[in-house]
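Visitor:
Number of protein chains: 2
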Amino acid sequence: MGDFTTLFSVNPSSGVPIYRQLIEQVLGLIASGRLRAGDELPSVRQLGAVLSVNFMTISKAWARLEADGVVLHERGRGMVVQAVGGAGPTPQQLRQVRELMDQAVVRGVQCGLSRADLKAVFRASVEECGL
Amino acid sequence: MGDFTTLFSVNPSSGVPIYRQLIEQVLGLIASGRLRAGDELPSVRQLGAVLSVNFMTISKAWARLEADGVVLHERGRGMVVQAVGGAGPTPQQLRQVRELMDQAVVRGVQCGLSRADLKAVFRASVEECGL
DNA sequence: GTGGCCGTATTAGTGTAGTAATACACGTGC
DNA sequence: GCACGTGTATTACTACACTAATACGGCCAC
Chain F
2 MGDFTTLFSV NPSSGVPIYR QLIEQVLGLI ASGRLRAGDE LPSVRQLGAV
52 LSVNFMTISK AWARLEADGV VLHERGRGMV VQAVGGAGPT PQQLRQVREL
102 MDQAVVRGVQ CGLSRADLKA VFRASVEECG L
Chain U
2 MGDFTTLFSV NPSSGVPIYR QLIEQVLGLI ASGRLRAGDE LPSVRQLGAV
52 LSVNFMTISK AWARLEADGV VLHERGRGMV VQAVGGAGPT PQQLRQVREL
102 MDQAVVRGVQ CGLSRADLKA VFRASVEECG L
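Residue numbers (my numbering), protein chains in the order written: chain F, 2 to 132; chain U, 2 to 132.
#1: Scan the region 7-34 of chain F for residues whose Cβ lies nearer than 7 Å to a Cβ of chain U and list them as they occur along the chain.
#2: Looking at the secondary structure, which residues open and close the alpha helix (DSSP H) in which residue 100 of chain U lies?
#3: For the structure I just gave you, are there three or more beta carbon pairs, one from the region 21-30 of chain F and one from the region 64-74 of chain F, closer than 8 Å?
#4: What's the C-alpha gap between residue 1 of chain F and residue 36 of chain U?
#5: Can a CB atom of chain F be found closer than 8 Å to the CB of residue 101 of chain U?
#6: For residue 51 of chain U, which of U:97, U:124, U:7 and U:98 has the nearest alpha-carbon?
#7: Leaving aside the five residues before and after residue 19 of chain U along the sequence, list all residues of the same chain whose C-beta is less than 7 Å from its C-beta, in chain order.
#8: On a Cα-Cα basis, can you pick out the residue from U:121, U:93, U:34 and U:94 that is closest to residue 95 of chain F?
#9: Can you name the start and end residues of the alpha helix (DSSP H) that residue 129 of chain U belongs to?
#10: So what's residue 29 of chain U in DSSP terms, helix, strand or just coil?
#11: Would you say residue 119 of chain F and residue 71 of chain U are within 8 Å of each other, going by their C-beta atoms?
#12: Ends of the beta strand (DSSP E) at residue 72 of chain F?
#13: Does residue 48 of chain U get closer than 8 Å to chain F when you measure Cβ to Cβ?
#14: Pull up the distance between the alpha-carbon of residue 102 of chain F and that of residue 108 of chain U, whole angstroms please.
#15: By how many angstroms is the C-alpha of residue 111 of chain U removed from the C-alpha of residue 43 of chain F?
#16: With a 10 Å radius around its C-beta and 16 neighbouring C-beta atoms as the bar for buried, classify residue 92 of chain U as buried or exposed.
#17: Taking the beta carbon of residue 84 of chain U as the centre, do at least 16 other beta carbons fall within 10 Å, making it buried, or is it exposed?
#18: If you draw a straight line from the alpha carbon of residue 114 of chain F to that of residue 106 of chain F, how long is it in whole angstroms?
#19: Please work out which residues of its chain come closer than 7 Å, Cβ to Cβ, to residue 56 of chain U, disregarding the five sequence neighbours upstream and downstream, and give them in chain order.
#20: Comparing alpha-carbon positions, which option in F:116, F:104 and F:81 lies nearest residue 39 of chain F?
#21: CB-CB under 6 Å to residue 75 of chain U, same chain, minus the five flanking residues each way: which ones, in chain order?
#22: Could you confirm whether any beta carbon from chain F is found closer than 8 Å to the beta carbon of residue 113 of chain U?
#23: CB-CB under 7 Å to residue 79 of chain U, same chain, minus the five flanking residues each way: which ones, in chain order?
#24: Could you tell me the alpha carbon to alpha carbon distance between residue 132 of chain U and residue 116 of chain F, rounded to whole angstroms?
#25: Starting from residue 45 of chain U, trace the alpha helix (DSSP H) in both directions and tell me its first and last residue.
#26: Sort out for me which residues DSSP pairs residue 81 of chain F with in a bridge.
Quick look at the structure:
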């Protein structure tokens, strides 16, 4: 397991908070299998230097990932990716997805979309994700 | 068509911005048919007085609804609900729903949910909305 | 015209999220 | 012991969202 710093990149002027961009990237890397259980995330200082971002911003992202159970802080080592793929989503994660889905559906209903319309939108999103 | 002020209520301490609560309520009232094309929204001052909210906050909500094409500002009359139910959702609204749906699906994928899992979550949300 | 009603533009106050700077605690290898 | 590596706690700065106060322009009834 080597150095994963090159896998990351941020766009400070995108409007999306940097720490959130990092979270999304870690989740994406895990989902795509490029980051696996046991891998170590780059250290906050190292990645901060490479991305020209304050290391506290990286720390916030890593801390949030730890709170979500995605990684674990092992003392004297760093942030280690947890075996989340095999165990399936945590209740916490599932709740998040449910909330997001509710928002989408409610908005759709408010706009007058029918059940079929919503289903079409849902299918389009799924296809877009390559599922 | 009379006075619709009694249909509205806000909770300033809910964490959700007041103006957004009002937008949601208008959209909901239209979706449920209690507010129809041609109906006039309460005036910003009247509703502001009833709800003990600054009328500029109401104005922001109404202005946003107008920007979304939900209502139209008719000079010397007020905010009039547009015929949006029959015409179907505007491209703008549809884009919003798509974005929300994408967020939900992407997050689900990142959490390792399968297509079937996502479908289940989607169906649950739809049921919850009474569709 | 006058008064009263509509929403709006402008400006300011307030709270909070995001970011950053500093100092710190812990673990490892020498 | 010391040097160097982790991430963290605390604090402060900045930007923006939300709310509010004031003054304004348009429309209608009289």
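Even glycine gets a Cβ: it sits at the ideal position worked out from N, Cα and C.
Guide: On the basis of the supplied data:
#1: Listed by position along the chain: 28, 29 and 32.
#2: 92-111 is the span of the alpha helix (DSSP H), which, as asked, contains residue 100 of chain U.
#3: Enough Cβ pairs lie closer than 8 Å, so yes.
#4: Outside the shown range of chain F (2 to 132) lies residue 1 of chain F, about which nothing can therefore be said.
#5: So yes, residue 101 of chain U belongs to the interface.
#6: Among U:97, U:124, U:7 and U:98, the Cα nearest to that of residue 51 of chain U is on U:7.
#7: So the list reads 11, 13, 54 and 58, once near-sequence residues are dropped.
#8: Nearest option by C-alpha distance: U:121.
#9: The continuous alpha helix (DSSP H) containing residue 129 of chain U extends over residues 116-129.
#10: In the structure shown, residue 29 of chain U sits in a helix (DSSP, three-state: H, G or I).
#11: Against a cut-off of 8 Å, the Cβ pair of residue 71 of chain U and residue 119 of chain F comes out as no contact.
#12: Run containing residue 72 of chain F: 72-75, per the beta strand (DSSP E) assignment.
#13: With its beta carbon at least 8 Å from every one in chain F, residue 48 of chain U lies outside the interface.
#14: Residue 108 of chain U has its alpha-carbon roughly 10 Å from the corresponding atom of residue 102 of chain F.
#15: So the two alpha carbons sit approximately 20 Å from each other.
#16: Classification of residue 92 of chain U: exposed, given that the 10 Å Cβ count is below 16.
#17: Burial call: exposed.
#18: One C-alpha to the other measures close to 9 Å.
#19: The residues are 45, 46 and 49.
#20: For the residues F:116, F:104 and F:81, the minimum Cα distance to residue 39 of chain F belongs to F:81.
#21: Here the set comprises 81.
#22: True, the Cβ-Cβ gap to chain F drops below 8 Å.
#23: Here the set comprises 41, 42 and 44.
#24: Inter-residue distance for residue 132 of chain U and residue 116 of chain F is about 6 Å (C-alpha atoms, whole angstroms).
#25: Counting along the chain, residue 45 of chain U sits inside the alpha helix (DSSP H) bounded by residues 45-52.
#26: Answer by DSSP bridge pairing, in chain order: F:41 and F:73.
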